[in-house]
Amino acid sequence: MPSLFASYLRVYEPLTAFDRDRQLFWRRYVKEGRAVAPLEGPVRQRTAVIEALGAGWTRLPDLPEEAYVLETDETLLVCPWNLRIRIAEAALSARDGVPPVLADAFVPPVLAGQAKAVVDDWRSGARVLEHGVPRLHEQISTWGVPLRWFVFVDPEERELTTRPDRRVLRYRTEISKARRRASRALSVLRKSVGDAPITEAVEEGARWLEEFHPRSVVELDYGGLVDLLSDEALGEDDSPALVAAGLAGLSRGDAEEATEVYEKLVARWRAIQLLERCN
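For the sequence shown, UniProt numbering assigns the number 1 to the initial residue and increments by one for each residue that follows.
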């Protein structure tokens, strides 16, 4: 199956974050061997959505509950896909800023109404308290890795595999560490650049992390982007270290160093983004 050229930021929660019914469901799900590996998941997700929607795109599909799973000696952690919610949000986003005639052609009003009901229900505090799960456990970025994601991880947490049959670059960390890093980064950014877009982006990510159980695990996965990079480039990639260096420069008031680091990062990831335009 072809790779999806996207990166992923995921949160795996322990079973105690879910209500009793969900705990039983996920235990049975793992016992039956149904858990999907992150390498296979993106293509499985896309296939499931396309098949469920059909040609009419007039309804929100009912999709089976799937998840990525981390098993340790101490606990089982689950990252649900929540595809129905993501489809509903995508349907509403497709109508934003589009003339009504075109919006209705792409996303019919009946479907938009269903999508809004699903999103409003999921976002409500009552829903979160009742079911014990946040809105989304996975964020996706195509043709690159958002620089703000690197704030949450440390270079020492990198896992790199470059075998011909398995190429993976990812970072995994305890959510408590990711939250502390985000807090420190926000403090530096607010003092040095104020309410800039990067500050708002890191703050949004920090708020998202606060939705999850304190014993969760955060994963930054380069996903299909590894197929766009050579083994040498993957081995030399130091994006989290560069982000940390840039923040350190800002905290010292060294704007020149911070700018140099930022420009290096932007140039690196722009080269990946430009591949989207290649024929």
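We put the CB at the ideal spot given by N, CA and C, even for glycine. Source: prediction; values computed, not measured.
- Taking C-beta atoms as the reference points, E159 and V168 count as a pair closer than 8 Å.
- For D21, the uninterrupted alpha helix (DSSP H) run begins and ends at R20 to K31, by DSSP.
- Non-local beta-carbon contacts of G249 in its own chain, meaning distances under 7 Å to residues more than five positions away in sequence, involve E257, A258 and V261 in chain order.
- Annotation: E71 to E210 spans about 23 Å, alpha carbon to alpha carbon.
- Residue L77 holds the alpha-carbon nearest to the alpha-carbon of Y68 among L77, L60 and D62.
- The Cβ atoms of A271 and I140 do not sit closer than 8 Å to each other.
- CA-CA distance, R190 to G246, rounds to 14 Å.
- A Cβ-Cβ distance of about 5 Å is found for the pair G223 and Y8, placing them in contact under the 8 Å criterion.
- Contact between D120 and P240 is ruled out by a C-beta separation of about 36 Å, above the 8 Å threshold.
- A115 is positioned such that its CB atom lies closer than 8 Å to that of A88.
- For P197, the three-state secondary structure derived from DSSP is helix.
- Between V217 and V101, the alpha-carbon positions lie close to 44 Å from each other.
- For R184 and C79, the gap between their C-alpha atoms comes out near 26 Å.
- With fewer than 16 other CB atoms across the displayed protein chains lying within 10 angstroms of its CB, F106 is exposed.
- The segment 222-237 makes contact with the segment 162-178: 3 or more CB pairs, one atom from each, lie closer than 8 Å.
- By a beta-carbon distance limit of 8 Å, E219 does not contact R163. Their separation comes to about 20 Å.
- Within the DSSP secondary-structure output, S239 pairs in no beta bridge.
- Unbroken beta strand (DSSP E) stretches of 3 residues or longer found wholly inside the segment 204-254: 217-221, given in chain order.
- When rounded, the separation of the alpha-carbon atoms in A35 and E66 is 7 Å.
- The Cβ atoms of R181 and V145 do not sit closer than 8 Å to each other.
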